[in-house]
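Heads up: the structure comes next, in structure tokens.
Numbering (our numbering), first residue to last: 3 to 167.
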């Protein structure tokens, strides 16, 4: 069953895979999936957890020069605008963030339009907050951490969920 006005926002790759695993555990199908585009995203129709889900793409914030990643100002402006339009069109009531920095602008726009934002911290974050976690904490209803060590770093909005992914 597709959950009305429920959006999952994630980055491609491992974050997308973790989001699908979380949806499988929750038994939910989001109405909207917002992600950056990549080769693995094209094949995500195979997941039953995403049947009936509208997919929306936002541009990747960064560019690569060899093995170095840098913030691309042109892509950043485009990303902010596309995230705004996407949040306006989808108007979710609930947003679950499972991802990297590319999810932040969509979450802020959705929060501005009245959505409740929940962030699931990456399992790799054991002793320090992620950049995304730091940026989303002010607007998040809850931040779900997968390691008890992070509870004291995040404060009262944090909830230890164990290994959810």
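C-beta atoms are modelled at their ideal positions from N, C-alpha and C, and glycine is treated no differently.
Quiz item: Alpha carbon to alpha carbon, what distance is there between residue 118 and residue 61?
Solution: Going by C-alpha positions, residue 61 is about 23 Å away from residue 118.
Quiz prompt | CB-CB length for residue 115 against residue 81, believed under 8 Å | solution = That pair is no contact at about 18 Å.
Quiz item: Got a sec? Which residues, its chain only, sit under 6 Å from residue 111 by beta carbon, not counting five neighbours each side?
Solution: By the criterion of a C-beta distance shorter than 6 Å, residue 111 is surrounded in its chain by 85, 86 and 89, once the five residues flanking it on both sides are discounted.
Exercise. Could you round the C-beta distance between residue 36 and residue 58 to whole angstroms and report it? I think they count as a contact, below 8 Å.
Key: Their Cβ separation, rounded to whole angstroms, is 5 Å, which keeps residue 36 and residue 58 in contact under 8 Å.
Quiz item: Do you know how far the Cα of residue 64 is from the Cα of residue 71?
Solution: So the alpha carbons of these two residues sit roughly 6 Å apart.
Quiz item: Rounded C-beta distance between residue 95 and residue 8? I'm assuming under 8 Å.
Solution: Between residue 8 and residue 95 the Cβ distance is about 7 Å, and since that is below 8 Å, they are a contact.
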